[in-house]
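Encoded as structure tokens, the structure appears first; notes follow it.
The following block contains the structure:
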């Protein structure tokens, strides 16, 4: 009888250990690292990344740390350092980090990695990508379309512009949507696009915007992070309108920024963290566009006439209902 009781007690103990190991409390003890190309006070990409992960982490009960201004050439070392420190999930917040992140992920199969705005996953057919590497993004072609409409309505010169960071799929899709939206309002409108080749150089953004203004553009949208702030300041100095990116950037130039493309970054972070907690994280694309609640428009701050606002709102509703489908193009067109 004593032996039987011992066996029963032992089995109960094993069951309790198994339950504890798989409990939400254990899963929520995830340690997350966020690797950023610029500072969290940049009023754009990195600031919103930090704020979004902070909100998701607080709500889901996980821990996170971050490192700013990580150069492309140094990111592999930083990723390996975090992996060696025992972090469970490492977020690489730049398209430029993708290949380095994949290399590191191969060497740490028990750690989850994800690259912002990337495209290389097993789901997409990249056989050399490990199962612990995903990508995440907030496709902005639909809201790019809406801002293109807005720019066309507000332009007096029938000439608008767009300043992008790098010519990468994430930015190209927004620029292409912007072109389509502007041309939906005025098929003959001129749309100039310049890519700065930087995520952080404010001066390059200023120079790009001034070039577009000198050619006749009187409304300029941007998707360029640091250079984007430079573009806004250039618009302010030349008395033309601008459209912000990632966050509501009206405070940068209150009489200049009509609205901004908002990226609700918390959406992707939350879904990926929950998938890890539930053992469901995959090498796939975690995408959240306007319809999925990952992208939106900021307020107009009294700069846009009511009748134009109503037209933009109707187009928004048409996109959400499926009546209007915005083409997603990842290669630039004229």
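Numbering (mature numbering (1 follows the signal peptide of the UniProt record, and there is no 0)), first residue to last: -21 to -1, 1 to 313. Glycine included, C-beta positions come from ideal geometry on N, C-alpha and C. Please read these numbers as outputs of a predicted model, since none were measured by experiment.
- Nearest Cα to residue 274 within the set 235, 153 and 139: 153.
- Distances from the CA of residue 95 to each of 244, 105 and 216 were compared; the closest alpha carbon is that of 244.
- Distance from residue 14 to residue 71 at the Cβ level is roughly 5 Å; contact confirmed, criterion being Cβ atoms closer than 8 Å.
- Beta-bridge partners of residue 45 (DSSP): 13.
- Residue ranges of uninterrupted alpha helix (DSSP H) with 4 or more members, entirely inside the segment 97 to 177 and ordered along the chain, are 120 to 133 and 148 to 164.
- Per the C-alpha coordinates, the member of 298, 155 and 308 positioned closest to residue 270 is 298.
- A contact between stretches requires three or more CB pairs, one per stretch, nearer than 8 Å, and the segment 126 to 137 meets this requirement with the segment 146 to 163.
- Note that the C-beta distance between residue 23 and residue 305 is not below 8 Å.
- Counting C-beta atoms within 10 angstroms of its own C-beta, residue 230 has fewer than 16 neighbours from the protein chains shown and is therefore classed as exposed.
- Per DSSP, residue 71 is one residue of the beta strand (DSSP E) stretching across 68 to 71.
- Taking 8 Å as the cut-off, the Cβ atoms of residue 157 and residue 200 count as close.
- No Cβ-Cβ contact shorter than 8 Å links residue 19 with residue 68.
- Of the residues assessed, residue 284 falls on the exposed side of the cut-off, its CB having fewer than 16 other CB atoms within 10 angstroms.
- Per DSSP, the beta bridge partners of residue 223 are 239.
- The beta carbon of residue 150 sits closer than 7 Å to the beta carbons of 143, 144 and 202 from its chain, once the five residues preceding and following it are set aside; these are given in chain order.
- Annotation for residue 303: no alpha helix (DSSP H) segment contains it, and DSSP assigns it neither H nor E.
- Scanning 169, 191 and 168 for the CA closest to the CA of residue 175 turns up 191.
- Counting along the chain, the unbroken beta strand (DSSP E) around residue 275 starts and ends at 274 to 276.
- For residue 27, the enclosing alpha helix (DSSP H) starts and ends at 24 to 39.
- Shown here, residue 265 sits in a strand according to DSSP, grouped into three states.
- Around the beta-carbon of residue 113, 16 or more other beta-carbon atoms lie within 10 Å, marking it buried.
- A straight-line Cα-Cα distance of about 12 Å links residue 66 and residue 57.
- Among the bridge pairs identified by DSSP, residue 199 is matched with 140 and 221.
- The criterion of a C-beta distance shorter than 8 Å is satisfied by residue 76 and residue 54.
- Around the beta carbon of residue 240, 16 or more other beta carbons sit within 10 angstroms, so the residue counts as buried.
- By the Cβ-count criterion, residue 89 is exposed, with fewer than 16 other Cβ atoms from all chains shown falling within 10 Å of its own Cβ.
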